Every structure is written in structure tokens, then in C-alpha cells.
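*Asks:*
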Amino acid sequence: MSTPSLVTQDLTIRFGGHVAVNQVSCAFHPGELTVIVGPNGAGKTTYFNLISGQLTATSGSVTKDGTDITRMSPSARARHGIGRAFQLTNLFPQLTVLENIRLAVQARAGDGWRMLRPVSSFRGLTAKAEHYLEATRLTPLAHQKAANLPHGDQRKLEVALLMAMEPDIYMFDEPTAGMSLDHAPDVLDLIHQIKADPTKTVLLVEHKMDVVRALADRIIVLHNGELLADGPPAEVMGSQIVRDVYLGTSEGAA
Ligand SMILES: Nc1ncnc2c1ncn2[C@@H]1O[C@H](COP(=O)(O)OP(=O)(O)OP(=O)(O)O)[C@@H](O)[C@H]1O
Ligand SMILES: [Mg+2]
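Those letters in the sequence shown? Residues 33 to 286, per the numbering used here, in order.
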């Protein structure tokens, strides 16, 4: 197998007496989409926060392509290629769709807010922005203000911004939560498209089993902060221990 792009080693966080993520060791590879499942409160979002930097581990480590990023800020981790979708917090509501994407492309190019640039390189950025506009099928909405888009299109725009940042690791925490049925497939199509790129590693927290079945190359199960199972979808979903957790019978059976 390829070298892992992302590794968590004995990753742990305590909140007072509560261990929300408990010694989770897992390696993720380019070209692989891993779905993280587990009951409510299992530690899935906390695990994501430890990887993207919203929380810092009590012990253990997070390594990206061999670099220890355990104690880096979220923005430093983003510069190391960790890309996490946050529901709508990254959009500039008063800018158009194209302007939003162009800013993300510009940020990726390391230009920040610098406006004095040669026209030629600006054209390059615009072409790139148009590429992501096209890829996410937002072209017809290019000149609409982000604030005026329907919710589902705003969520698509958010994925477009993430793609424009060109991360190596894509993290989605319940990407279709709160979305209408007619918009969810669009966002899932985009995740499909990202997954098709063999250089990208995708981590997805998802409860909906049809989505899990459609996208997962691998499933890991968290339960009470611990890694309970890890393997190919059919194997993990068929295992007795996972059924016990999902049917809530593990305590009863013990
Ligand atoms: N900042 C925090 N301070 C204290 N406890 C926290 C904090 N963040 C998470 N927790 C606790 O850690 C545990 C795991 O929460 P987490 O949100 O990671 O679960 P989850 O698997 O994402 O659940 P869900 O499926 O409901 O989204 C919960 O018991 C939660 O209350
Ligand atoms: Mg969660």
C-alpha cells in the first residue's frame, strides 16, 4: 500500500474526567475515502477537531506526510494540506460566487489579499477559479451574491472553496445534514469527484447508510472515543461487534 498521508497515533483528548477520543491509531492513504461512523457522542467530531486543529490533543500525535502537526494552529495545518469543510463559515456573503472562489484560489496561491499583481498571473487565477466553478456546476450562478443563493447552492459553493484550496486531505462532517433531498446528491457528487483523484485522502463522518455504502472504501467505527473496528465496508458492517453497538446491545451482551 502507498505511504499514508495522514496518521493519528494514540490520539487522545480528555475533558476533565471524560476521555472523548481515546488512543486512536489510524493511518489514511491517498486515493482512499474513509467513512467514520459511530453512535452520537462517540467522538467523531472531536477526532476531526484534533486533526484539523480546533482542539489540541492531550496525548498522542497527528502526522501529515511525515510532519508532526499535533500542536499546530488550524491555519498552519491548512497550509500543510488539511482541508475541512465548515458549514458556510468560509463564505463571503456580499461577494459573488466567482469572487468567493477566486479569493480561495488566490489564498492557495499564497497571495493573500495583495491586489497589486501582474495582469497575467491574475488571468491564471481567474482561469483556475473558472475551473472550480465549472467542476462544481456553479457557472450559471457565477455572478450571484453568495448571500442570495439557496442554502443547497451555498453548501456547494463551500465545497468549491475547499476544492480551490487544493488540500491533500478533505474532511467532511455530515456534509448533507440539514439539506433538502434534492440538494444532497449534488454535494455527494462533488465528494465522488474528489474521491476519484488518486492523490486525495478523504475522511467523511456520515450517519446515512446509503451514503456510506455509495462512497466508502473503508469504514472505521468509533465508540466511546475508541476505535472499535476498521476495515472494508462489508466486513465492518457485517461484524457482530458493530451490530451490537448499533443495536445498543453491547452492554447487555457483556
Ligand atoms: N469542548 C468539549 N468540552 C467537553 N466535552 C466535549 C467537548 N467536545 C466534545 N465533548 C464531548 O465529547 C464526546 C464526543 O463528542 P463528539 O461531538 O465528538 O461526538 P460525535 O461522535 O461527533 O457525535 P454526533 O454523532 O452526535 O455528532 C461527547 O461526550 C461530548 O459531550
Ligand atoms: Mg459530530
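Ideal Cβ positions, reconstructed from N, Cα and C, are used throughout, including at glycine.
Since we're looking at a predicted model, the values are computed, not measured.
Quick one: what does DSSP say Phe80 is sitting in, helix, strand or coil?
*Replies:* The count along the sequence shown starts at 1 and reaches residue 80 at position 48. Helix.
*Asks:* Hey, how far is the Cα of Leu260 from the Cα of Arg250?
*Replies:* Residue numbering aside, residue 260 sits at position 228 when the sequence shown is read from its first letter. Residue numbering aside, residue 250 sits at position 218 when the sequence shown is read from its first letter. The alpha-carbon atoms of Leu260 and Arg250 are separated by roughly 14 Å.
*Asks:* Residues around ligand 2, please: the ones whose beta-carbon is closer than 7 Å to some heavy atom of it, in chain order.
*Replies:* Output, sorted by chain position: Lys76, Thr77, Asp205, Glu206 and Val237.
*Asks:* Where do the ends of the alpha helix (DSSP H) carrying Gly263 lie?
*Replies:* As a first step, residue 263 must be located in the sequence shown, where it is residue number 231. Premise fails: Gly263 lies in the beta strand (DSSP E), Glu258 to Gly263, not in any alpha helix (DSSP H).
*Asks:* Between which two residues does the beta strand (DSSP E) harbouring Gln126 extend?
*Replies:* For the purposes of this step, residue 126 is identified with residue 94 of the sequence shown, where counting begins at 1. Run containing Gln126: none; DSSP gives neither H nor E here.
*Asks:* Go through its chain and collect everything with a Cβ distance to Asp218's Cβ below 6 Å, but skip five positions before and after it.
*Replies:* Counting from one through the sequence shown, the residue named residue 218 turns up at place 186. Taken in chain order, the residues that qualify are Lys188.
*Asks:* What did DSSP end up calling Ser282 once you bin it into helix, strand or coil?
*Replies:* Mapped onto the sequence shown, residue 282 falls at position 250. Residue placement at Ser282 is flagged as unreliable, the pLDDT there being 46, under the threshold of 50; the coordinate-derived value follows with that caveat. Three-state DSSP puts Ser282 in a helix.
*Asks:* Between the C-alpha atoms of Leu87 and Gly73, what's the straight-line distance to the nearest angstrom?
*Replies:* Start at 1 with the first residue of the sequence shown, and residue 87 comes out as number 55. Start at 1 with the first residue of the sequence shown, and residue 73 comes out as number 41. Each residue's alpha carbon lies about 16 Å from the other.
*Asks:* Any heavy atom of ligand 1 closer than 7 Å to the Cβ of Gly92?
*Replies:* For the purposes of this step, residue 92 is taken as the residue at position 60 of the sequence shown. Gly92 Cβ: outside cutoff for every heavy atom of ligand 1.
*Asks:* What do you get for Asn54, buried or exposed, if any count of 16 or more other CB atoms within 10 angstroms of its CB means buried?
*Replies:* The residue labelled residue 54 in the question sits at position 22 within the sequence shown. Asn54 comes out buried.
*Asks:* Give a single yes or no on whether Ala52 has its beta carbon closer than 7 Å to a heavy atom of ligand 1.
*Replies:* Residue numbering aside, residue 52 sits at position 20 when the sequence shown is read from its first letter. Yes, ligand 1 has a heavy atom inside 7 Å of this Cβ.
*Asks:* Quick check: the stretch 124 to 143 against the stretch 83 to 102, are there 3 or more CB pairs under 8 Å?
*Replies:* The stretch 124 to 143, when compared against the stretch 83 to 102, does not touch it at the 8 Å Cβ threshold.
*Asks:* In whole angstroms, what separates the C-alpha of Thr171 from that of Gln186?
*Replies:* Position 139 of the sequence shown holds residue 171. Position 154 of the sequence shown holds residue 186. Computed Cα separation, rounded: 13 Å.
*Asks:* Identify whether Lys220 lies in helix, strand or coil by the three-state DSSP scheme.
*Replies:* For this step, residue 220 is matched to residue 188 along the sequence shown. Looking at the sequence provided, one finds Leu at residue 220 rather than Lys. Looking at Leu220 - three-state DSSP - the assignment turns out to be helix.
*Asks:* Is the beta carbon of Val234 sitting closer than 8 Å to the one on Tyr278?
*Replies:* Start at 1 with the first residue of the sequence shown, and residue 234 comes out as number 202. Start at 1 with the first residue of the sequence shown, and residue 278 comes out as number 246. Not in contact: Val234 and Tyr278 (Cβ atoms no closer than 8 Å).
*Asks:* Assuming Leu127 and Glu190 form a contact by the criterion Cβ under 8 Å, report the distance between their Cβ atoms to the nearest whole angstrom.
*Replies:* Residue mapping note: residue 127 aligns to position 95 of the sequence shown, counting from 1. Residue mapping note: residue 190 aligns to position 158 of the sequence shown, counting from 1. With 8 Å as the limit, Leu127 and Glu190 do not qualify as a contact, their Cβ atoms being about 13 Å apart.
*Asks:* Provide the residue span of the alpha helix (DSSP H) that contains Lys188, from first to last.
*Replies:* Locating residue 188 in the sequence shown gives position 156, counting from the first residue. Taken as a continuous stretch (DSSP letters only), the alpha helix (DSSP H) holding Lys188 covers His183 to Ala196.
*Asks:* May I ask whether a heavy atom of ligand 3 can be found less than 7 Å away from the beta carbon of Ala74?
*Replies:* For ligand 3, the structure offers nothing, since it holds only ligand 1 and ligand 2.
*Asks:* Please classify Glu283 as buried or exposed, where buried requires at least 16 neighbouring CB atoms within 10 angstroms.
*Replies:* Taking the sequence shown and counting its residues from 1, the one referred to as residue 283 is at position 251. Low local confidence applies: a pLDDT of 47 at Glu283 is under 50, so the model's placement there is unreliable, with the coordinate-based value given in what follows. Burial call: exposed.
*Asks:* Would you mind working out which of Ser212, Glu131 and Ala159 sits nearest Ala179, comparing C-alpha positions?
*Replies:* For this step, residue 179 is matched to residue 147 along the sequence shown. Considering only alpha carbons, the answer is Glu131.
*Asks:* Check Lys5 in the structure and name its three-state DSSP category.
*Replies:* The structure shown has nothing for residue 5, since the chain only spans 33 to 286.
*Asks:* Would you identify the three-state DSSP class for Lys160, choosing helix, strand or coil?
*Replies:* For the purposes of this step, residue 160 is taken as residue 128 along the sequence shown, with counting starting at 1. Note: Lys160 maps to helix in three-state DSSP.
*Asks:* Can you tell me which of the three DSSP states Met241 falls into?
*Replies:* Counted from its first residue, the sequence shown places residue 241 at position 209. The answer is helix: DSSP assigns Met241 an H, G or I state.
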